[in-house]
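Read in order, the letters of the sequence shown are residues 4 to 226 in this note's numbering.
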Amino acid sequence: MDPQTIIAQRIARELRDGMLVNLGIGIPTLVANFVPVGIHVFFQSENGLIGTGPIPEPGMALPWLTDAGGRPVTALPGASTFDSAMSFGLIRGGHVDLTVLGGLQVDQHGRLANWMIPGKMVPGMGGAMDLVTGAKRVVVAMQHTAKGRSKIMKACSLPLTSARPVDLVVTDLAVMAFPEGRATLVEIADGVTVDQVLAATEADLIVPDQVPSMAIQTETGGS
């Protein structure tokens, strides 16, 4: 199983019935493929759609139905469309229960950097700053390392997205939380040891006496 799928399957276990959920670009969009059986959530696209459905069949895409990254989506029965101002009003007003975002770096206090790399062209900050600040719960989906370097750092070298710490980081190696602002190992991926996680982590990581294996969501059936 590829690392991105493992990450998405683990994050899907954080979904609860009735949630309003925002999925960022990249790995987070895969979470929608693994909604647990019996769970119904409302996926929000920050450009103005609640009730996003699966990718349309070839030839059935509508140019006005896209996710935040501009890729075509479908609308489920009962979906609602609205303008960007209303969408960000929902986000800033604290109505989004869970947002799943990609990450470039996360520091040992849970602060996220994911919106720009200095010197590289970016289209804009998008909704990440609003989502990290306004969503009730923030989960970061990213690979643990990039080009052999840890993305879980003592201090982010890239511009922070928000001063607010995230709630959970799920990587291909581990799950980490930040109780009292301290990076804490919660789970490790199947076949991965605690020592391997520590070797791939620059941040100071608290390790409990017992660290369970990562539980992933394989059976799906919700929406």
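No residue lacks a Cβ here, since even glycine has one placed at the ideal position from N, Cα and C. Note that the coordinates shown come from a computational prediction; the quantities given were computed from them, not determined experimentally.
Around the beta-carbon of residue 120, fewer than 16 other beta-carbon atoms lie within 10 Å, marking it exposed.
Membership of residue 15 in the alpha helix (DSSP H) is indicated by the continuous run 6-15. Looking at the backbone, the Cα of residue 174 and that of residue 10 are separated by about 6 Å. Inclusion of residue 169 and residue 143 in the CB contact set at 8 Å is warranted, their separation being smaller than that value. Exposed is the label assigned to residue 196, since fewer than 16 other Cβ atoms lie within 10 Å of its Cβ. For residue 47, the enclosing beta strand (DSSP E) stretches over residues 45-48. Within the same chain, and ignoring the five residues on either side of residue 85 in sequence, the residues whose Cβ sits closer than 6 Å to its Cβ are 51. The alpha-carbon separation between residue 186 and residue 135 amounts to approximately 18 Å.
For the pair residue 137 and residue 71, the CB atoms are not nearer than the 8 Å cut-off. Approximately 6 Å separates the beta-carbon atoms of residue 6 and residue 146; this is inside 8 Å, confirming the contact.
Partner residues in a beta bridge of residue 136, as assigned by DSSP, do not exist. Across the set 42, 29, 192, the C-alpha of 42 shows the shortest separation from the C-alpha of residue 20.
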